[in-house]
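Working notes, structure below.
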Amino acid sequence: EADIYQTPRYLVIGTGKKITLECSQTMGHDKMYWYQQDPGMELHLIHYSYGVNSTEKGDLSSESTVSRIRTEHFPLTLESARPSHTSQYLCASSESRQGDQPQHFGDGTRLSIL
Amino acid sequence: KNQVEQSPQSLIILEGKNCTLQCNYTVSPFSNLRWYKQDTGRGPVSLTIMTFSENTKSNGRYTATLDADTKQSSLHITASQLSDSASYICVVNDRGSTLGRLYFGRGTQLTVWP
Chain F
2 EADIYQTPRY LVIGTGKKIT LECSQTMGHD KMYWYQQDPG MELHLIHYSY GVNSTEKGDL
62 SSESTVSRIR TEHFPLTLES ARPSHTSQYL CASSESRQGD QPQHFGDGTR LSIL
Chain S
28 KNQVEQSPQS LIILEGKNCT LQCNYTVSPF SNLRWYKQDT GRGPVSLTIM TFSENTKSNG
88 RYTATLDADT KQSSLHITAS QLSDSASYIC VVNDRGSTLG RLYFGRGTQL TVWP
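So the sequences go chain by chain: F and S. First residue of the first sequence: 2, per the working numbering; consecutive thereafter. First residue of the second sequence: 28, per the working numbering; consecutive thereafter.
In structure tokens:
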């Protein structure tokens with residue numbers, strides 16, 4: 002059973018606010034990822050991390066930032082939210098020995114910017 | 028251009044019936060292919076993984092096939108249940124680098140009616 006948690010599940014907030022989406026996993030996985038998913042579209046990688054103090058940008062350009070201070074925690078931050086940031090954000094993690102493929106996904110945060 | 032194409036985009040079947048979902052990819056070089064199930068409002072959950080040398084793999088009522096020559100995969104669902112209603116996502120991993128890269132399909136939305 003996957004042990005990866007995202008909070009909040011839903012967030013509706015006004016333009017210009019600072020937002021932090023939380024992601025935590027209890028499996029000790031080194032690799033963690035953030036994906037953006039719009040309805041009917043494929044997942045797009047926006048950030049990934051291969052370990053503590055390691056973060057990289059993904060394929061899809063994003064104005065968000067991430068940090069990896071602890072193995073289990075991989076928060077995503079939007080400094081000033083805009084309507085274009087409205088989307089579903091999925092966090093995932095995997096063990097290093099299984100290659101660069103996410104094994105476990107959180108249930109996502111559905112973000113709506115008014 | 029998306030290198031993983033899934034068909035059909037959506038499918039409605041009656042409970043108890045079988046169905047087959049298709050995935051065609053152009054990703055090269057190929058490392059592995061996964062099928063994920065994503066329930067509404069939840070994160071994707073891995074169903075099967077197939078490597079280059081595998082032709083068929085089963086997971087309960089789910090059977091995945093892979094033809095690496097034609098770059099096609101299928102997911103066959105036997106004796107469908109209402110709980111099979113979900114989006115099924117095909118994900119291909121390349122081995123173009125030591126890190127690998129994931130290519131996501133847009134999913135097939137399956138609805139099972141009673």
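All C-beta atoms, glycine included, are put in the ideal place defined by N, C-alpha and C.
Assigned exposure category for residue i - 16 Cβ within 10 Å defines buried
| i | result |
| --- | --- |
| S/A113 | buried |
| F/K32 | buried |
| F/V67 | buried |
| S/F79 | exposed |
| F/S95 | buried |
| S/P56 | exposed |
| S/T145 | Residue coverage of chain S in this structure runs from 28 to 141, which leaves residue 145 of chain S outside it and unanswerable. |
| F/Y109 | The sequence shown places Gly at residue 109 of chain F, rather than the Tyr named in the question. It counts as buried. |
| F/I70 | exposed |
Short Cβ contact (8 Å threshold) for residue i with residue j
| i | j | result |
| --- | --- | --- |
| S/Y89 | S/S73 | no |
| F/Y36 | F/H30 | no |
| S/K44 | S/S107 | yes |
| F/T27 | F/E80 | no |
| S/L38 | S/L129 | no |
| S/P71 | F/F106 | yes |
| S/C50 | S/Q30 | no |
Supposed close pair residue i, residue j - CB separation, criterion 8 Å
| i | j | result |
| --- | --- | --- |
| S/R133 | S/S58 | 21 Å between Cβ atoms; not a contact. |
| F/T16 | F/R83 | 6 Å |
| F/T78 | F/I20 | 7 Å |
Proximity winner among the options, relative to residue i (alpha-carbon distances)
| i | options | result |
| --- | --- | --- |
| S/T83 | S/P56, S/H103, S/S55 | S/H103 |
| F/Q1 | F/Y6, F/V53, F/L61 | This structure does not reach residue 1 of chain F, given that chain F is present from 2 up to 115, and the question cannot be answered. |
| F/E43 | S/I116, S/W140, S/V139 | S/I116 |
| F/A93 | F/S25, F/R10, F/G15 | F/S25 |
| S/T53 | S/L109, S/D96, S/E81, S/P141 | S/D96 |
Separation of residue j from residue i, as counted between CA atoms
| i | j | result |
| --- | --- | --- |
| S/D94 | S/V118 | 15 Å |
| F/L22 | S/N120 | 27 Å |
| F/L115 | F/Q89 | 15 Å |
| F/S55 | F/Y34 | 12 Å |
| S/E42 | F/V53 | 47 Å |
| S/T92 | F/H86 | 37 Å |
| F/S63 | S/L48 | 32 Å |
| F/Q104 | F/Y49 | 14 Å |
Residue i Cβ short of 7 Å to the ligand COA heavy atom set
| i | result |
| --- | --- |
| S/V119 | Summarising the ligand content, the structure contains no ligands, and the ligand COA is consequently not present. |
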